[in-house]
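Structure first, then comments.
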């Protein structure tokens with residue numbers, strides 16, 4: 030009996046102590062829709078909360094602590110999507126320019142134009158109505 034193998038796209042809704050959310054302008058996302066939350070694929074045997082922590086550290090520098098699972102969805106061929114809340118622990122923004130064009134903290138009422146709608150919903154605390162973008166898409 031064969032079992033399907035899935036890739037897991039993991040998204041982090043990272044907030045600082047002022048309630049601002051960390052957004053990245055992703056280099057490999059479509060022009061005009063490049064602003065979004067930190068995302069990436071889980072490594073084999075990696076806890077998904079650890080994926081959030083690793084991706085934020087690799088792409089932007091700061092240390093974060095993953096919290097509660099806020100989104101879980103399957104049904105997109107061989108991809109599963111998960112999203113976690115995360116809290117800034119410390120460190121400064123230093124972007125990985127290979128993947129990221131810019132990184133900024135935004136208050137929920139000042140989210141930028143060109144933000145993925147599914148990520149906007151997560152940043153505002155709502156369940157996304159559309160699939161989350163695949164990391165690197």
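Residue numbers (our numbering): 30 to 166.
Yeah, the Cβ is synthetic: ideal placement off N, Cα and C, and Gly gets one too.
Source: prediction; values computed, not measured.
By the three-class DSSP mapping on this structure, what secondary structure does residue 135 have?
Counted from its first residue, the chain shown places residue 135 at position 106. Residue state, collapsed to three classes: strand.
Beta bridge counterpart(s) of residue 98 as assigned by DSSP:
As a working mapping, residue 98 is identified with position 69 in the chain shown. Looking at the DSSP assignment, residue 98 forms a beta bridge with 113.
Taking only three categories from DSSP, how would you classify residue 44?
Within the chain shown, the letter at position 15 stands for residue 44. Reduced to three states, the DSSP call for residue 44 is strand.
Which same chain residues, not among the five before or five after residue 111, have their C-beta less than 6 Å away from its C-beta?
Taking the first residue of the chain shown as position 1, residue 111 is located at position 82. Taken in chain order, the residues that qualify are 39, 77, 101.
Quick one: is residue 31 buried, meaning 16 or more other Cβ sit within 10 Å of its Cβ, or exposed?
One-based indexing of the chain shown puts residue 31 at position 2. Exposed, because fewer than 16 other Cβ atoms sit within 10 Å of the Cβ of residue 31.
Run through the DSSP bridge pairs and tell me what residue 55 is partnered with.
Here residue 55 refers to the residue found at position 26 when the chain shown is read from its first residue. Note: residue 55 sits in a beta bridge opposite 129.
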